[in-house]
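The structure appears below as C-alpha cells.
Below, the structure is given as C-alpha cells:
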C-alpha cells in the first residue's frame, strides 16, 4: 500500500517537474534569417547568393541551436549562376536543404544583455549529403523578446563533396565565406 | 572592290551583334517572374504539408520549384509573410499592406521552395495573394 502511494507520489512529482520545465522552456525562433555566401574572385563576376528565409531555433535551456536553409531559397544576381548552383553544384533536387545543429559553448542565458557579446558555437553543418564540423564565434545581443545573432565563417566546396570544374576554378574562390544574421523571437 | 569590303564589313558587324545578343540572353537571362507564371496546380495547405511529411521524395518531385496555388485559413500574420493552417509559410517580396485577419480563408500563389522539417512548414516564396474571401 505504502509502496503504491510512494509510486503515485513519484509519478506526480515527475509530472510536476515536466510542467515546470515546459513553463521554463525558453525557445527563440527565427523564420526569416539571412544567410549570405560569397566565393568571388577579383576581376570576375561576383559569386554571391543570399537566402532571406532561413529558420533557426535556439533553446536557452539546453543551449542548443538548430538552423535550416532551403537550397532553392538562395538567390543570385545572375539567374544562370543560380541555375548552375542548383543543378550542378549543390544538386538541390536531391539535397534540398542545408542544416546546422550545434551548441553555444560556455553559455548561459544570463550573460546575454543589450551589449554585444561574443559566443563560441560548435556544431555540424550538413549539406549535399556530407557533414562538416565547424566552430565559430558569433556576436549575440538580447533586447526584450529578441535575441540577435551575427557572425561569419568559411567552408570549402570539398568539405561537402562539391567539385568545381577546372574551367571555372579561377572564377570561384577556394574558400567560401558565409555570413549569418538572425533575429530570434521568444516563443 | 570597295563595295565588297563594305558588304563584308557589314556582315561581320551584324554577326557580332547577333552573337552578342545571344551571349547576353544566355548568360544574363532575367530571373523567373513568379507573379506572371500560371500555377501548375492548386492544393489545400494541410494536404501540401501532409504530402511532404508522409513522403518527402515524392512531394519534392511534385511541388519543389513549381508555381502552385495554395488555399487555406490564415493562422499567423508576420511582417512580410503569412502562415496558412500552421502548415504553409507564405513569404511575400514586400511587407503586407492588405487588411487581413487571422481565421480568414485565402488563396495564394507562389513558388514552392521546399519543406522545413525544423518547423514542419512548407515554404512558398515570391508569393502573391489571389483572393482573401
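Protein chains in written order, with my numbering: chain A, 1 to 187; chain Z, 188 to 320.
Ideal Cβ placement from N, Cα and C applies to all residues, glycine included.
Computed from a prediction, not measured in an experiment: that's the story for all the values here.
beta-carbon residue 111/A near the ligand FMN non-hydrogen atom, thresh 7 Å: Annotation note on the ligand FMN: not contained in the displayed structure, which lists no ligands.
Three-state class that DSSP yields for residue 298/Z in the structure shown: In this structure, residue 298/Z counts as strand in the three-state DSSP scheme.
Whole-number beta carbon distance between residue 111/A and residue 138/A, since they are thought to touch under 8 Å: Wrong, their Cβ atoms sit about 13 Å apart, outside the cutoff.
Distance, residue 35/A Cα to residue 310/Z Cα: Straight across, the Cα-Cα distance linking residue 310/Z with residue 35/A is about 16 Å.
Coarse secondary structure for residue 116/A, derived from DSSP in three states: Coil at residue 116/A, not helix or strand.
Length of the line joining the Cα atoms of residue 243/Z and residue 92/A: About 14 Å.
C-alpha gap between residue 71/A and residue 272/Z, whole angstroms: Roughly 24 Å between the two C-alpha positions.
Closest by C-alpha distance to residue 122/A, when choosing among 64/A, 33/A, 161/A and 52/A: The alpha carbon of residue 122/A has as its nearest neighbour, out of 64/A, 33/A, 161/A and 52/A, the alpha carbon of 64/A.
Neighbouring residues, chain A, relative to residue 300/Z (Cβ below 8 Å): Per Cβ cutoff of 8 Å: 53, 70, 72 and 73.
Alpha-carbon to alpha-carbon, residue 199/Z and residue 156/A: Rounded to the nearest angstrom, the two C-alpha atoms are 45 Å apart.
Cβ contact (3+ pairs, closer than 8 Å) linking the segment 224–240 of chain Z and the segment 259–276 of chain Z: Output reads yes: the segment 259–276 of chain Z touches the segment 224–240 of chain Z.
Unbroken beta strand (DSSP E) run spanning residue 169/A, endpoints: Note, residue 169/A: premise wrong, no beta strand (DSSP E); not H, not E.
Beta-bridge partners of residue 49/A, as assigned by DSSP: For residue 49/A, DSSP records a beta bridge to 37/A and 76/A.
Residue 228/Z - partner residues in DSSP beta bridges: Beta-bridge pairing links residue 228/Z to 255/Z.
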